[in-house]
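The numbering used here applies: residue 903 is where the sequence shown begins, and numbers increase by one.
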Amino acid sequence: MAGDAFTAADISVGYALEMARKNVGVVFGDSVQAYVTRLRARAGYQRALETCHATRRWWTS
């Protein structure tokens with residue numbers, strides 16, 4: 903999102919894209935799919951998802 907740097911914006915947008923795909927069935931074009939694939943490969947993004955999933959009790963209560 904912010905050039906070549908990996909930022910919190912990438913995590914936020916990446917999570918929104920993941921939810922759109924999973925919950926709404928959005929099909930991404932090649933460039934968006936490539937972006938999501940690169941995000942999934944990043945250790946920082948994986949840690950952010952782990953944290954989100956570990957604390958998502960707030961979402962379901």
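Quick reminder that beta carbons are idealized off the backbone N, C-alpha and C, glycines included.
Among the options, which one has its Cα closest to the Cα of residue i?
i           : options               : result
residue 951 : 913, 907, 906 and 935 : 913
residue 932 : 940, 925 and 926      : 940
Measure the beta-carbon distance from residue i to residue j and round it to whole angstroms, keeping in mind my assumption that it falls under 8 angstroms.
i           : j           : result
residue 934 : residue 919 : 7 angstroms
Given a cut-off of 8 angstroms, decide if residue j and residue i are closer than it, judged by their beta-carbon atoms.
i           : j           : result
residue 944 : residue 908 : yes
Return yes when the C-beta of residue i is under 7 angstroms from any heavy atom of the ligand ADP, and no when it is not.
i           : result
residue 921 : Looking for the ligand ADP in the displayed structure turns up nothing, as the structure carries no ligands at all.
- Which runs of the alpha helix (DSSP H), 4 residues or longer, sit entirely within the segment 914–963? 932–943, 945–956 and 959–962
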